[in-house]
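Number of protein chains: 2
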Amino acid sequence: PVPVVLGGTALWFLGFLVVLLLDRSNSTLLWTPEDECPLVLRSGTQQRHRVMTRRPGIDEVARLAGVSKSTVSRVLNGAPHVSTRAREAVRRAVIQLDYTPNHAARSLAGHRANAIALVVSEPSGRVLADPFFAGVMRGVHAELAGHRTQLVLMMAQPGDVGSYLTGGHVDGALVVSLHGHDPLLTLLHDNGLPVVAGGRPLAGGPVPYVDSDNFTGAIEATQHLISLGCQRIATIAGPADMAVGLDRLSGWRRAMSGRRTDLVAYGDFTPEGGASAMTSLLTREPSLDAVFVAADIMALGALQVLHAQGRSVPGDVAVVGFDDSVPAVPPLTTVKQDVERFGRMLTWRLLAEIEGEEGLPPSVLLPTSLVVRTSA
Amino acid sequence: PVPVVLGGTALWFLGFLVVLLLDRSNSTLLWTPEDECPLVLRSGTQQRHRVMTRRPGIDEVARLAGVSKSTVSRVLNGAPHVSTRAREAVRRAVIQLDYTPNHAARSLAGHRANAIALVVSEPSGRVLADPFFAGVMRGVHAELAGHRTQLVLMMAQPGDVGSYLTGGHVDGALVVSLHGHDPLLTLLHDNGLPVVAGGRPLAGGPVPYVDSDNFTGAIEATQHLISLGCQRIATIAGPADMAVGLDRLSGWRRAMSGRRTDLVAYGDFTPEGGASAMTSLLTREPSLDAVFVAADIMALGALQVLHAQGRSVPGDVAVVGFDDSVPAVPPLTTVKQDVERFGRMLTWRLLAEIEGEEGLPPSVLLPTSLVVRTSA
DNA sequence: ACCTAGCGTGAAAGCGCTCTCTCGGAAGGG
DNA sequence: CCCTTCCGAGAGAGCGCTTTCACGCTAGGT
């Protein structure tokens, strides 16, 4: 079959060729940047009509095991009052039939969604790109393994999320990257949905949260700079509407007590934000010799600016970051936190809350530690 | 209430204090690094027994609107054969009752999960930390908005995922970061589950995929290096068991035809991998003057090594990356791809497949473009 | 020996929807 | 004017589970 090539530059053509060469399927497609929808050159015959091999149901398991549906259900859910004989029979039947319980039916009958939401309370999805978040997600996942609970990912565009979450689609929610006095937390909490915040919420009343000890970490970082003999120590703080931003700034202030504390610039946890903060700091105080950046991701931007202005790190300016999330040139001295543990803790707490466990810790603060590398 | 402090250093105590100061709740907890489980100091009285305000069902909506359940269902699903009068009545009732359809019931009755899985086929979860993946996820999300379809995130530990996915919990799957000849794709496909791969799969037969034009991108990048007059151009390739690794390497080879093409080292798409690849390259050919790195994230590691060895970039060694995903010092010349579009395309394709649309493009190749910055 | 516990089990009633069937009535063709 | 369509609408049968509830049966107490 000779494919019809519709326009395209020489490079595209090469790309096209490589597909032909590398792809085993005998059909392909050329993508043109102008169109939002792909052009079909030759469609494969993929109309394999979903053979739906009718999955076995609980009654089939029951029949095979020689017990009733009820008993199967009990075994599946680890309920008591089941004889070992029955339990084993069911187990065998389940394996033999490769039975998987139907999630929807189970949710419907059991009045629980068997799912929790991970809500990224930021329309831009900035957090997603943050290595910190990736680690948290891994932790969440790790903790979820074993609990037959799905992880539903949501990005909050204000409004739509609230009703979805309180609509009974999930049993609980993990809310991260909460800004300012976002009413989301209160909304969920008032609706009786178990919620745990990742990072101390500025508003939200008695909602439990898990957070890193940002305050102490910032103190350590700043003290390190001081112990190095730095004289003019600036800081690039996080957003003023997030606890993580405020706490790290507080730590810096505390450690700097007795010194000059006006060299503060705010960033938004992006490299660009870090870069412009650094620029403004340098303009205000060209002779600064150290900077505590409230996030490695911002430090990246700061380092670019420093480099562009020909200032050496740590020679001219010592830099300490926070998060231990990204490799940089030179390698950053930074405050490390165990992000995966953060995620696990978050999830553990939420699941416990959902189970209705008593005497749960209202909130958890995870320790941080300074990692000294090259940049300071 | 006077909290009991169980051990802890002065710093912890400060952290503890800041919680007391900043937190409105009158209870808190001290976290000790030794324990895997938090110590409860004073538990809040959060036993607000989930007031389950009995959500309205479809029959209540029907009653209020003065129609039957069937009609409400038709309106909700945009089915034809509904009078405008009835449609409006239902719409009003829905709003008045703040009705949200029950996801589980709908799935059960409708024989569809109303959910798709995003499968990260990598136990380590390495991809999660990749900015590339974050962008894809944003795209997936954007495309999903409007379709009442949930996004379920899964990290594949071989074995467990397959049965889950084919177990009818999701209507389709997006599989990314597939290594080598992973049987997952074939497994899913053979079970009739709609699947779309993110990145060309090495195995998997006729499974549709979306990929960036890695081959062409790599050619452009390498040609840029050549046009700069570089003489000894090396490459740090991606894993040899992933198409994205192979294709970028092929592109480099193609552009290098007629030149020396033995300066190849492999990395694993991590900064550490990039660093050790760079080290080995430098050992083998101390006089190399350019390197095409198959991923920005690896370039970061390479830059660290170059810096540590006192080689300037781009003065001594020109560096070109791929992905345009991370800021570096100096800013990387790199091959940019529209990751969000990648995610949207992936999702669009999967949803179309699920809907059973005809004449779908078997695969899609998205264009890339060179972004020239400082590093080359 | 009788009564009470309480364990192991099965029958059956839903959970809140979708979807097939059915049916009256309006529109259109002969 | 009658018969065929077809549209709008309702009744009702499940979807595959969980969960009372009721039942027989074995132990232990008196």
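Residue numbers (the working numbering), protein chains in the order written: chain Z, 1 to 376; chain A, 1001 to 1376.
Think of the CB as a built atom: it goes at the ideal place given N, C-alpha and C, for glycine as much as any other residue.
Given the structure is predicted, the values throughout are model-derived calculations rather than measurements.
At least one CB atom of chain Z sits nearer than 8 angstroms to the CB of A1104/A. For chain Z, the residues of the region 1254-1273 of chain A that bring a beta carbon within less than 7 angstroms of one of its beta carbons are P1271, in chain order.
Secondary structure note for A1134/A: its alpha helix (DSSP H) is the uninterrupted segment P1131 to L1144.
Among the bridge pairs identified by DSSP, Q1150/A is matched with A1115/A. In this structure T84/Z is exposed. Its beta-carbon is surrounded by fewer than 16 other beta-carbon atoms within 10 angstroms.
Residue nearest to V313/Z within the set P331/Z, F322/Z, V326/Z and D296/Z is P331/Z (criterion: CA-CA distance). Q1309/A sits in coil when the DSSP states are folded into three classes, being neither helix nor strand. Annotation: D262/Z to L281/Z spans about 10 angstroms, alpha carbon to alpha carbon. Identification of chain A residues near A113/Z by a Cβ-Cβ cut-off of 8 angstroms yields H1103 and A1104, ordered along the chain. Residue pairing for Y1266/A: DSSP places it in a beta bridge opposite A1237/A.
Contact between the region 1201-1215 of chain A and the region 1354-1368 of chain A is present, with at least three C-beta pairs closer than 8 angstroms. Residue contact with chain Z for V1152/A: present (Cβ-Cβ distance below 8 angstroms to some residue of chain Z).
Contact between G1251/A and A1218/A is confirmed by a C-beta separation of about 2 angstroms, below the 8 angstroms threshold.
Taking V1136/A as the centre and dropping the five residues before and after it, the same chain places the C-beta of V1176, G1198, V1339, E1340, F1342, G1343 and L1346 closer than 8 angstroms to its C-beta, in chain order. Closest option to S163/Z, judged by alpha-carbon separation, among A1117/A, R1259/A and V1094/A: V1094/A.
Closest in alpha carbon position to V371/Z, among H141/Z, E220/Z and G359/Z, is E220/Z. From the beta-carbon of A1134/A, the residues of chain Z found nearer than 7 angstroms are L128 and A129.
Take the alpha-carbon of A240/Z and the one of R248/Z: they are about 10 angstroms apart. Note on geometry: alpha-carbon atoms of L1246/A and G1310/A lie some 31 angstroms from one another. DSSP, reduced to helix, strand and coil, places A93/Z within a helical segment of the structure shown. Going by C-alpha positions, K336/Z is about 21 angstroms away from R126/Z. Burial is judged here by how many other beta carbons sit within 10 angstroms of a residue's own beta carbon; N214/Z has at least 16 and is buried.
Restricting attention to beta strand (DSSP E) runs no shorter than 3 residues, the region 1155-1207 of chain A encloses them at 1172-1176 and 1195-1198, ordered along the chain. According to the DSSP assignment, G1321/A belongs to the beta strand (DSSP E) that extends over A1318 to D1323.
Among the CB atoms of chain Z, one or more fall inside 8 angstroms of the CB of V1329/A. Neighbours of T1100/A across chain Z, judged by C-beta separation under 9 angstroms: S163, Y164, T166, G167, G168 and H169. Minimum Cα-Cα distance from M154/Z among the listed residues Q223/Z, G172/Z, A104/Z and G267/Z corresponds to G172/Z. The beta carbon of A1089/A sits closer than 7 angstroms to those of A1065, G1066 and V1067, all from its chain and outside the five residues before and after it, given in chain order.
The beta-carbon distance between A105/Z and V170/Z, rounded to whole angstroms, is 17 angstroms. This is too long to meet the 8 angstroms contact definition. Using a 10 angstroms sphere on the CB of D1190/A, the tally of other CB atoms stays under 16, which defines it as exposed. Look at S1212/A here: in three-state DSSP terms it is strand. Collapsing the DSSP output to three states places T334/Z in a strand. Checking the DSSP bridge columns, you'll see L1370/A partnered with V1335/A. Closest in alpha carbon position to G1057/A, among N1102/A, T1071/A, A1086/A and G1238/A, is N1102/A. Under the DSSP definition of a beta bridge, F292/Z partners with T235/Z and V320/Z. A Cβ of chain A is located within less than 8 angstroms of the beta carbon of R55/Z.
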